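Asker: Sharing a structure with you now.
4 protein chains.
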Amino acid sequence: MQPLMTVEQIHAFLDREFPQIHMDGRVLAVTDIGPGRLAMRFDPNDRHLRPGNTLSGPSMVMLADVAAYAVILAHIGPVALAVTTSLNINFLRKPGLAPLFCDCKILKLGKRLAVIDTLLTQDRAEEPIAQATATYLIPPR
Amino acid sequence: MQPLMTVEQIHAFLDREFPQIHMDGRVLAVTDIGPGRLAMRFDPNDRHLRPGNTLSGPSMVMLADVAAYAVILAHIGPVALAVTTSLNINFLRKPGLAPLFCDCKILKLGKRLAVIDTLLTQDRAEEPIAQATATYLIPPR
Amino acid sequence: MQPLMTVEQIHAFLDREFPQIHMDGRVLAVTDIGPGRLAMRFDPNDRHLRPGNTLSGPSMVMLADVAAYAVILAHIGPVALAVTTSLNINFLRKPGLAPLFCDCKILKLGKRLAVIDTLLTQDRAEEPIAQATATYLIPPR
Amino acid sequence: MQPLMTVEQIHAFLDREFPQIHMDGRVLAVTDIGPGRLAMRFDPNDRHLRPGNTLSGPSMVMLADVAAYAVILAHIGPVALAVTTSLNINFLRKPGLAPLFCDCKILKLGKRLAVIDTLLTQDRAEEPIAQATATYLIPPR
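Chains as they are written, first to last, in full-length UniProt numbering: chain A, 1 to 141; chain B, 1 to 141; chain C, 1 to 141; chain D, 1 to 141.
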């Protein structure tokens, strides 16, 4: 399963089609792409805080969802738009006010459905912050 | 299972402890509380939009999570803070640019865990926009 | 959303296409069908026990899955076969050695995906045993 | 995170405390244990079949649940019993009538909650059959 797009092509596509993800500044960036995989970095700001100097749950969901969307895009090309149909997230540890990294892996990329596994970490990879799986419906190509 | 707090008391608690939920204006309001139940209204603005004149997935997650948190708060009182441990959401239909209503119901309120079911609707209750269940860890009381 | 099949027709279809669900005796029976809804009864036997006189998790999953499958079948007719793509279950209370009832409700019945909500109860409806949502891929009709 | 029990000790514990998992023959066996990890093998028989020469969803849930339980047991020791509180499974590909392998990894082992990620494969590891995450409540130790 080889990616069809480069990091630069994905950034250009997201900038054009999803300008909303940058409304709080450029907080999201794809850092790596490989066969069936993609890594994204999230630099949170004041908008993503919660009491106790931590990050909000919805901002972690946003990271997992955008990264999962991007890994599908990278592997089917900028033709069709995938739609999130379900997402399951486990909040494992309280994140600190620091960059959050999302590694995602394609579990299945079928004709109609894609299932993506994502792991969110900060400095200690062996103590993940959150894990999410998300399912996407892929329009007829 | 009777609620211990009124709508006004919940609003006052959220304003004091979670001012962040109002950072985009007062978009969330509890509209009703009953035994094991709570209803919340979300008035989305430009920040919650996505291409195709729809609302973002993370903003729906935010609504389900805040409403579920509020129904637990209403039934255990403003003593301890529940922490979201997992959330599963099914996106059922594309929402329009209009208020979104969340009805939530306590499935279980145990000593250590609470499980809440939420249903998000717009104008047609029989065609829900999203359904989510969320699990919360309750600190020792 | 009106059902297209009667209880008898669903039983006949399941007997013919899914004889496996009866391999431990006739433990499952549809008890009611309505618009967008179906109820199923499960009479557990020794095979479904777990230590502490309770029922196994997988047997509760089986009940939720068969009931959800049956409510889709009832509403699309005995033409195409739906395939479970994901299932999320919350185990809320320890069931006793007694019949388990599953009420399921169609959240969405689209062209390609169906999402079903199920609630498992024993004698006290207000204290459910488990809640599950399941997603099904519907073959082209 | 080092395991506290050997494969033999886990088998002895399961035989004593969960004889039910062997009621269809010895279909489950731990094949490997490591820091934060455990592998289990499932040899299905006629009881686990479904039409179309495939394995039933509940039997895959059973495998993921027993393996996740075993990896917790291996790391906390045979003292306390963990209880499954939720399970989310994605069915990715139709399994054939052949052994199914479950690799599980501890995402979190806290004082009160454990979260386990499991991946079910057959012969081709890059095309997994199912993925599940399960959450367990750990009794006070």
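Cβ atoms here follow ideal geometry from the backbone N, Cα and C, with glycine treated the same way. Note that this is a predicted model, so its numbers are computed, not measured.
Got a sec, what are the start and stop residues for the alpha helix (DSSP H) V7 of chain D sits in?
Answerer: V7 to E17 is the span of the alpha helix (DSSP H), which, as asked, contains V7 of chain D.
Asker: Along chain A, which residues have their Cβ under 7 Å away from the Cβ of R47 of chain B?
Answerer: M23
Asker: Comparing the C-beta of D65 of chain D with each C-beta of chain C, is any distance below 7 Å?
Answerer: yes
Asker: Give a yes or no on whether 7 Å exceeds the smallest Cβ distance from K111 of chain B to chain C.
Answerer: no
Asker: Distance cutoff 7 Å, beta carbons only. Does Q122 of chain B sit that close to anything in chain C?
Answerer: Cβ-Cβ to chain C under 7 Å: no for Q122 of chain B.
Asker: Can you give the Cα-Cα distance for I21 of chain B and R112 of chain D, rounded to whole angstroms?
Answerer: 28 Å
Asker: To the nearest angstrom, how far is the alpha carbon of D65 of chain A from that of A82 of chain A?
Answerer: 11 Å
Asker: Counting along the chain, where does the beta strand (DSSP E) carrying L73 of chain D start and finish?
Answerer: First-last for L73 of chain D: G57 to I76, but that is the alpha helix (DSSP H), not the beta strand (DSSP E).
Asker: Rounded to whole angstroms, what is the Cα-Cα separation between S86 of chain B and R37 of chain B?
Answerer: 20 Å
Asker: Between F42 of chain A and P19 of chain A, what straight-line distance do the alpha-carbon atoms span, to the nearest angstrom?
Answerer: 16 Å
Asker: Of the residues that make up the region 73-101 of chain C, which ones have a beta carbon closer than 7 Å to any beta carbon in chain A?
Answerer: T85, S86 and N88
Asker: Here's the rule I'm using: 16 or more other beta-carbon atoms within 10 Å means buried, otherwise exposed. How should K108 of chain B be labelled?
Answerer: buried
Asker: Give the DSSP-derived three-state secondary structure of Q122 of chain B in the structure shown.
Answerer: In the structure shown, Q122 of chain B sits in coil (DSSP, three-state: anything other than H, G, I, E or B).
Asker: Considering only residues of the same chain and omitting the five flanking positions on each side of D32 of chain C, which have a CB-CB separation below 8 Å?
Answerer: V7, L38 and A39
Asker: Are any of the Cβ atoms in chain C nearer than 7 Å to that of K105 of chain B?
Answerer: It does not; no Cβ of chain C falls within 7 Å.
Asker: Within the region 32-56 of chain C, note down every full beta strand (DSSP E) run reaching 3 residues or more, in order along the chain.
Answerer: 37-42
Asker: Quick check: is the beta carbon of T133 of chain C nearer than 7 Å to any beta carbon in chain B?
Answerer: yes
Asker: Give me the chain B residues within the contact set of V115 of chain C, using Cβ-Cβ distance strictly less than 8 Å, ordered along the chain.
Answerer: Taking a Cβ-Cβ cut-off of 8 Å, the neighbours of V115 of chain C in chain B comprise N90, L92 and Q131, given in sequence order.
Asker: Measuring only between beta-carbons, confirm whether P58 of chain B sits less than 7 Å from chain A.
Answerer: yes
Asker: Determine, for I61 of chain A, whether the minimum Cβ-Cβ distance to residues of chain B falls below 7 Å.
Answerer: Correcting the residue identity first, residue 61 of chain A is Val in this sequence and not Ile. Output row for V61 of chain A: interface = yes.
Asker: Taking 8 Å as the cut-off, does the region 121-128 of chain C touch the region 52-60 of chain C (at least 3 CB pairs, one atom from each stretch)?
Answerer: no
Asker: Buried or exposed for Q131 of chain C, going by 16 or more other Cβ atoms inside 10 Å?
Answerer: buried
Asker: Hey, how far is the Cα of D103 of chain A from the Cα of R93 of chain A?
Answerer: 16 Å
Asker: If we define contact as Cβ-Cβ less than 7 Å, is P128 of chain D a contact residue for chain A?
Answerer: Chain A, which has a Cβ nearer than 7 Å to the Cβ of P128 of chain D, makes this yes.
Asker: Using a cut-off of 7 Å between C-beta atoms, extract the partners of F18 of chain D located in chain C.
Answerer: P51
Asker: List the residues of chain D whose Cβ lies closer than 8 Å to the Cβ of L137 of chain B, in chain order.
Answerer: R112 and L113
Asker: What are the boundary residues of the beta strand (DSSP E) that includes I106 of chain B?
Answerer: L100 to L109 is the extent of the beta strand (DSSP E) around I106 of chain B.
Asker: At what residues does the beta strand (DSSP E) containing V79 of chain C begin and finish?
Answerer: Element bounds for V79 of chain C: n/a, residue is neither H nor E.
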